[in-house]
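Numbering (the working numbering) for the sequence shown: 3 to 258. So the structure is just underneath, and the comments pick up after that.
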Amino acid sequence: MDDALREIAESLLDDVSERVVRRSSKLVLQSRAKIQLKPAEEPARSYICVLLAAEAHSGQELAAKPPVPPALFSKLVEIFRQELGFKETVVAAPETPRKRRKDNPETPVKTPQRNPRTPVKTPQRTPQRTPQRTPRTPRSKEPTTSDIKRLAAEMGLKDSTVKAIQHGYLQYNHLVKDKWGLLLGLAYVVISRAEPDQKELPTRLARAVTVASANGRLEEWIHWASQIATGQSWLTKVAVEPEPIRQLYTGPGDWD
3 MDDALREIAE SLLDDVSERV VRRSSKLVLQ SRAKIQLKPA EEPARSYICV LLAAEAHSGQ
63 ELAAKPPVPP ALFSKLVEIF RQELGFKETV VAAPETPRKR RKDNPETPVK TPQRNPRTPV
123 KTPQRTPQRT PQRTPRTPRS KEPTTSDIKR LAAEMGLKDS TVKAIQHGYL QYNHLVKDKW
183 GLLLGLAYVV ISRAEPDQKE LPTRLARAVT VASANGRLEE WIHWASQIAT GQSWLTKVAV
243 EPEPIRQLYT GPGDWD
């Protein structure tokens, strides 16, 4: 759990201290006892707790990249501030970074407009290539639909079990960098509940993939996945019959 919180903190701060990680973890636990969220809001819990801890540490507002719609995110931040004792309002709305860019548009905007041929081509080509190349490396390391199907086939999983694993992965994958680790941790939590007869589950999961970063931290990801998934409605319904499970997870967020 601390590693996942650290990854969120690294997206907000250049220098992440252990104090920020420890306080974030403490805030997550406190918030679970005080604040009940809907399933669609739950992905914001860890992010908001890290944001509050990071701003308290740095003493300045930070640009947020919320995992939920901006309006909902701002509302949840205020709720967390009140319930967790953060009286001073420091956090900026998710639109803050955009407003700052609009405040100083003269140099970057006017230069390419006055010289459309030479200057415009240079800034357009450079930023376009950079974002296109950057995601390719991590994407090749992320699980795909084919990977999920292959894992399910090798493990002999039921369709309802696979649907639950996919649902949990889609709900939390934007919070972490190690996508394979998250997938395997959630797979263990779901399979151990939905198909308790599966033997030597950690070993078989590790054999089913060849991702060193995930295999080396499998125990850690199982522990983290158990913490975030336990008590969630989509997991508590895993043990029901396959047909209701299919109906529960069939929707626009599915991978099929």
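Glycine residues also receive a C-beta, built at the ideal position from the N, C-alpha and C atoms.
Rounded to the nearest angstrom, how far is the Cβ of residue i from that of residue j, given a contact under 8 angstroms?
i	j	result
ILE50	VAL79	6 angstroms
LEU86	LEU54	7 angstroms
LYS160	GLU197	7 angstroms
ALA56	VAL22	6 angstroms
GLU156	ALA208	Their Cβ separation, rounded to whole angstroms, is 12 angstroms, which puts GLU156 and ALA208 out of contact at 8 angstroms.
LYS201	GLU144	LYS201 to GLU144, Cβ: 29 angstroms. No contact.
GLY170	ALA231	6 angstroms
According to DSSP, simplified to helix, strand and coil, what is residue i?
i	result
VAL240	coil
THR232	coil
ARG219	coil
PRO204	helix
Residue i to residue j, Cα distance in whole Å?
i	j	result
ALA227	ARG195	13 angstroms
ALA307	VAL191	Residue 307 lies beyond the residue range present for the chain, which begins at 3 and ends at 258; the question has no answer from this structure.
ARG219	ILE167	19 angstroms
SER235	PRO45	14 angstroms
HIS59	LEU177	21 angstroms
LYS239	GLU63	40 angstroms
HIS225	LYS77	30 angstroms
GLY233	PRO71	24 angstroms
ILE81	LEU31	15 angstroms
VAL164	GLY61	44 angstroms
ARG25	ALA189	28 angstroms
ASP149	LEU186	12 angstroms
GLN84	SER33	11 angstroms
PRO41	ARG206	30 angstroms
VAL52	GLU20	12 angstroms
ALA73	ARG47	15 angstroms
LEU29	GLN173	20 angstroms
GLU43	ASN175	14 angstroms
Could you give the residue range of the alpha helix (DSSP H) that holds residue i?
i	result
GLN84	72-86
HIS169	161-174
VAL191	181-196
THR146	Taken as a continuous stretch (DSSP letters only), THR146 belongs to no alpha helix (DSSP H), as it is neither H nor E.
Does the distance between the C-beta of residue i and the nearest non-hydrogen atom of the ligand GTP fall short of 7 angstroms?
i	result
GLN62	Judged by which ligands are present, the structure shown has none, so any question about the ligand GTP falls away.
Any alpha helix (DSSP H) of 4 or more consecutive residues that is wholly inside the segment 18-67: For the segment 18-67, whole alpha helix (DSSP H) runs of length 4 or above, ordered along the chain, are 20-36 and 46-60.
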